[in-house]
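As you go down the protein sequences, you meet chains U and H in turn.
One point on numbering: in our numbering, the residue at position 299 of the first sequence is 299, and numbering is uninterrupted.
Every number in our numbering is 463 more than the matching position in the second sequence, counting from 1.
Just so it is clear, CB atoms sit at the ideal spot from N, CA and C, and this is done for glycine as well.
Since this is a predicted model, take the numbers as computed values, not measurements.
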Amino acid sequence: MYAQDLAGTHYAFRDLKALLAAATPFRSGDQLAGVAAQSAEQRVAARYVLADLPLKTFLEDLVVPYETDEVTRLIVDSHDRAAFAPIAHLTVGAFREWLLANETDGEALRAIAPGVTPEMAAAVCKLMRNQDLIAMARKISVTSAFRTTLGLPRRLSVRLQPNHATDDPRGVAASILDGLLMGCGDAVIGVNPATDNVETARTLLDLIDELRQRLDIPTQSCVLTHVTNTMELIELGAPVDLTFQSIAGTEAANRGFGVDLALLREAHDATLALGRNPLGDNVMYFETGQGSALSGGAHHGVDQQTLEARAYAVARPFRPLLVNTVVGFIGPEYLYDGKQITRAGLEDHFCGKLMGLPMGVDVCYTNHAAADQDDMDDLLTLLGVAGVNFVMGVPGADDVMLNYQSTSFHDALYVREVLGLKPAPEFEAWLSGIGLLDSAGRVAQVGQSREAQRRLLAHLADG
Amino acid sequence: MAEVPATDPLEVLRQATTARVALGRAGQGLPTAPMLAFQLAHARARDAVHAVLDTEALRVALEGEVIVVESAAPDRATYLADPDLGRRLAEGTAALPCGDHDLAVVVGDGLSATAVQAHVPAVVAALRLRLAGWTIAPVVVARQARVALGDSIGEALGAKAVVVLIGERPGLSAADSLGAYITWDPKPGRRDSERNCVSNIRWPGGLAPDQAADKIAWLLTEARRMGMTGVALKDRETPGSFLPPG
C-alpha cells in the first residue's frame, strides 16, 4: 500500500502498478484500461508518493509476476547491480534531479544504463516535464552500426520507408529513388510488405540489395515481416541484413505477436552469423508502441507507458541497430490527440535512451486520431532537439500501404536544416561523392544535381 | 504556384507509384500545391471515418441471405474510444442460425464504410466462384464492427472458418481500402497471430476483387488442410491459381 495526504485528503494506492498508472499524464489508453487517475489531484498525489519511493523498490516489488512472465524474469535476472550502484541510494524524485544535474554527463548515463530497469525509467519519466525528457535525452548518445554509424551527436538519420499497396517492385523502387534524391535512407531502407508472402519479401530484399550494390550506397535493407519469415528467408539464402520484429512489454503480448525470447535469440544468432555487417554487430530492428499490450489483452493492469519501457528491456539484450517507437500508429483509443502523441513520443525516446537503446521515433498519426501535420511538425522538432537517432521518411508523409501519416523526406530536410543536423557520416560521404550535396552541404535541388539524378533514375529505366 | 516543367525528369517516378513522390521543393519544404493536396486528402479521410454504412444498399448488392447486426458500440464516438465494444455483439442480438457451415462471411464497417460499400459485393461474388465446394453461412453485415467481432459471429453460426471483410482505416490516397481477415475455428479470445490478413483490397490502386478472392480462397484452402490460421500458415500463393477452369 502506497499513500499520501494532501491538504486533508488521504490518497491510497493499492499497489505499485496502481501508483505508476495514477502518476502517468492523462492518456486515453490508460482510461480504456481502467487504470488512469480518478482526478487531476489524485494524479499529483501519486507523483508525490512516487517521488519519495526508493529506486530499490522496483527490484523487489514487481508489476508483472516473475513466475508467469518471462519479460519480468529477463528484467530481474539480467539486472546489473554494479551499474546500479551509483544510483542505488536514490529515490525516484532524487533520481530525476541526479539525471538533470550538470555533473551527470553522457559517460555517467551510459554507465548506469544496464542498472536501470524499465520500471525505474518509467517511474522517473512520470515525474518529468516535456523539457526534462528533452534535456535528458539530449545528453545521452547511443550509437549503433551496420554499414552506417547511427546516433552520433549532431546527426539525424532516416529510415526510408518505400511502401507500396501491392508490393510492386517498380513502385517500391520509385519511392526509394525519390528518398535517395532527398538525402534519406541512412538508417535503413525498410519496406513493410502488404502481405506476409515469403516470395514477395525475397523479391523486395533482392531489389533493395541490388540497388544498394549498384549505386554503392552505405546503408542496410530490411523487409519488415514476421521473424519466422525472415528466418526462412535466411535459410533460402536471401540477402538479409536486419531481422525485424514488433515486440511488447509482457510475455503474453509478445505471444500475441507470435514471438518469445527464445525465438528472438534464435533469429538474432542466425542473422549475426550471416556476417553482412562490416561496422558493428547490431543486426536487429525492433518496433514498439504504447498500447500494444492492452490491444492484445495482455497488460496485467499496468499503464501503457510502463509496459512500453518493458518492451525496451526485451530489445536490450539483442543490441539492436534500430528501435523504433511507432508512436501514433495505434490509434485514438490509446493516444487520443496531438498532445498525447507528443508526450508519448518524448517519453519513449527518453526511456529507451536511458536504458541504452538506439531510439528512433515514427512521428505519426492515423486519420481517426485528433491530430494533423502541425502536431507532427512540433514533435519532430522536439525530437530533433532531444537528439533522436532516426525518424521515418515516407514520400509526402503519406504511407499508401499502411494508411497513416508519418514524416516525409521534406520533413527530414527541414529538421536537419533548422537544427544543423547531418546524415550518418558514411552516408553523407556517399551523398557528397555522387554529387547530391550543394556547396552549402544541403541536399541539392533537382536541377542542381543532374548527373546524380541521371545515375539514380537510370536504375528505374533499366527495370 | 510553380508549374512542373513538361520535361520533368522525375516524371518516371510518378508513373511508377501512387505514393507522393517527386513533389518538388520550396527550400527544404513542400511547394504550395502538393501541400494543399495533402490537406484536402486528409480532410476527406477524416470525413470517411465518420461515414455511416448503408446496410440496405449492401443487402441489395449482396445476392443471397443477409443478416444485419450491431456491435455493442452504440455510436461512432464510443466505437473510436473503446474498441472492445466493437468486438462484441450488442446485447439482445437475435440468435444467429447455427448450422454445418464451412465458412462464415462477416462484413464490418470498420473505419471506412466507404470501402465496404465500394468493394465488398464484388469480393464476395468472386469468393463464391472460387469456393464452389464450400457451404457458406448467410452473410452477416455488422455495424460499428472490429475484426474480432467475426469470432463470436463465426462461432454462433457454427462455421469452421470465418472471413471478415472490413473497412481499413483510411489513408490519404486510399479512403476506400478493404481488409480481409481469415480465422480458422473462430471463437472469442482468438489472438491476432492466429489470423491471416489480405489488405489493401480496392480497385483501382490496390488488389482487385479477383486477386483478393484468389488470395483469400488460397488461405482458406490451406487453413482447412492445416487446421489452423496465423503465423504458421505462410502465404505462398501464386497469382491466378484459384480461378476455376473456363
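*Rounded to the nearest angstrom, how far is the Cβ of D303(U) from that of D30(U), given a contact under 8 angstroms?*
Their Cβ separation, rounded to whole angstroms, is 5 angstroms, which keeps D303(U) and D30(U) in contact under 8 angstroms.
*For H505(H), decide whether its Cβ has a neighbour in chain U, counting only Cβ atoms nearer than 8 angstroms.*
Output row for H505(H): interface = yes.
*Which residues in the same chain as K422(U) place their Cβ atom closer than 6 angstroms to its Cβ, once the five residues preceding and following it in sequence are excluded?*
Only R155, E428 meet the Cβ criterion.
*Is H582(H) buried or exposed, if buried means 16 or more other CB atoms sit within 10 Å of its CB?*
With at least 16 other beta carbons inside 10 angstroms of its own, H582(H) counts as buried.
*Tell whether a beta-carbon distance below 8 angstroms holds between R310(U) and M355(U).*
Against a cut-off of 8 angstroms, the Cβ pair of M355(U) and R310(U) comes out as no contact.
*Are L516(H) and R632(H) close, meaning C-beta to C-beta below 8 angstroms?*
Their beta carbons are not under 8 angstroms apart, which means L516(H) does not touch R632(H) by this criterion.
*For F257(U), return the contacting residues in chain H, with the cut-off set at a CB-CB distance below 7 angstroms.*
Those are S656, listed as they occur along chain H.
*Per-residue DSSP class, three states only, for N130(U)*: N130(U): helix per DSSP, three-state reduction.
*Please list the segments of the beta strand (DSSP E) lying wholly inside the segment 202-269 of chain U, counting only runs of 3 or more residues, in order along the chain.*
Runs found: 221-223, 243-246.
*Under three-state DSSP, which class holds I140(U)?*
Looking at I140(U) - three-state DSSP - the assignment turns out to be coil, as it is neither helix nor strand.
_So the candidates are L552(H), A576(H), P497(H); which of them puts its Cα closest to the Cα of H513(H)?_
Considering only alpha carbons, the answer is A576(H).
*asked:* Tell me which residue opens and which closes the beta strand (DSSP E) that W597(H) is part of.
replied: Premise fails: W597(H) is in no beta strand (DSSP E) and is neither H nor E.
*Going along chain H, which residues have a C-beta under 7 angstroms from R170(U)?*
Chain-order list of chain H residues neighbouring R170(U): A479, by C-beta distance under 7 angstroms.
*Quick one: what's K422(U) bridged to in DSSP?*
Its beta-bridge partners are R155(U).
*Are the Cβ atoms of G249(U) and V35(U) separated by less than 8 angstroms?*
At the C-beta level, G249(U) and V35(U) stay beyond 8 angstroms of one another.
*Do A173(U) and L211(U) have their CB atoms nearer than 8 angstroms?*
Closer than 8 angstroms, so yes.
*Specify whether the segment 611-621 of chain H and the segment 640-657 of chain H touch according to this definition: at least 3 beta carbon pairs, one from each stretch, less than 8 angstroms apart.*
Touching, yes, given that three or more Cβ pairs across the two stretches are closer than 8 angstroms.
*Taking 8 angstroms as the cut-off, decide whether the C-beta atoms of R201(U) and I234(U) are in contact.*
Looking at the sequence provided, one finds Ala at residue 201(U) rather than Arg. Taking C-beta atoms as the reference points, A201(U) and I234(U) fail to come closer than 8 angstroms.
*Compare the C-beta of A482(H) with all C-beta atoms of chain U and state if any pair is closer than 8 angstroms.*
Cβ-Cβ to chain U under 8 angstroms: yes for A482(H).
_Could you check whether the segment 131-141 of chain U touches the segment 345-365 of chain U, counting it as contact only if at least three pairs of C-beta atoms, one from each stretch, sit closer than 8 angstroms?_
Taking 8 angstroms as the limit for Cβ pairs, the verdict is that the segment 345-365 of chain U does touch the segment 131-141 of chain U.
_With a threshold of 8 angstroms between beta carbons, is N229(U) in contact with chain H?_
Yes - at least one Cβ of chain H is within 8 angstroms of the one on N229(U).
_Please tell me whether E685(H) has its Cβ less than 8 angstroms away from any Cβ of chain U._
E685(H) does not count as touching chain U.
*Determine the extent of the alpha helix (DSSP H) in which M359(U) is found, giving its start and end residues.*
If you look at M359(U), you'll find it isn't in any alpha helix (DSSP H); it sits in the beta strand (DSSP E) that goes 359-362.
*Could you confirm whether any beta carbon from chain H is found closer than 8 angstroms to the beta carbon of A3(U)?*
The Cβ of A3(U) sits no closer than 8 angstroms to any Cβ of chain H.
*asked:* Does the CB of V627(H) have a neighbour CB from chain U at under 8 angstroms?
replied: So no, V627(H) is outside the interface.
*Comparing alpha-carbon positions, which option in V418(U), A371(U), A46(U), L242(U) lies nearest R159(U)?*
With distances taken between Cα atoms, R159(U) lies closest to L242(U).
_P708(H) versus L592(H) - alpha carbon distance_ = Residue confidence for P708(H) is low, a pLDDT of 43 falling below 50, so the modelled location carries little weight; the figure read from the coordinates is stated next. As the crow flies, the alpha-carbon of P708(H) is around 11 angstroms from that of L592(H).
*Grab me the residues of Y2(U)'s own chain with a C-beta within less than 6 angstroms of its C-beta, minus the 5 sequence neighbours each way, in chain order.*
So the qualifying residues of the chain are F13, L19, V49.
*Using beta-carbon positions only, say whether G669(H) and A369(U) come within less than 8 angstroms of one another.*
Not closer than 8 angstroms, so no.
*Output yes or no for whether 8 angstroms exceeds the beta carbon distance between I189(U) and P162(U).*
Judged by beta-carbon spacing, P162(U) lies within the 8 angstroms limit of I189(U), meaning their Cβ atoms are closer than that value.
_Buried versus exposed call for G338(U) [16 or more other C-beta atoms within 10 Å across all chains shown]_ = Buried, since its Cβ has 16 or more Cβ neighbours within 10 Å.
*Helix, strand or coil: how does DSSP classify K726(H) here?*
Here chain H has residues from 464 to 709 only, and residue 726(H) is not among them.
*List, in order along the chain, the chain U residues whose C-beta lies closer than 8 angstroms to that of P601(H)?*
Within 8 angstroms Cβ-Cβ: nothing; P601(H) doesn't reach chain U, min ~29 angstroms.
_Which residue marks the beginning of the alpha helix (DSSP H) containing V42(U), and which one marks its end?_
Val is not the amino acid found at residue 42(U); the sequence shown has Gln there. Looking at the DSSP string, the run of the alpha helix (DSSP H) that includes Q42(U) is 40-51.
*Enumerate in chain order the residues of its own chain whose CB-to-CB distance from L62(U) is below 6 angstroms, with the five nearest sequence positions on each side excluded.*
Taken in chain order, the residues that qualify are T72.
*Please classify L98(U): does DSSP put it in a helix, a strand, or coil?*
Residue identity differs from the one stated: residue 98(U) is Trp in this sequence, not Leu. If DSSP states are grouped into helix, strand and coil, W98(U) belongs with the helices.
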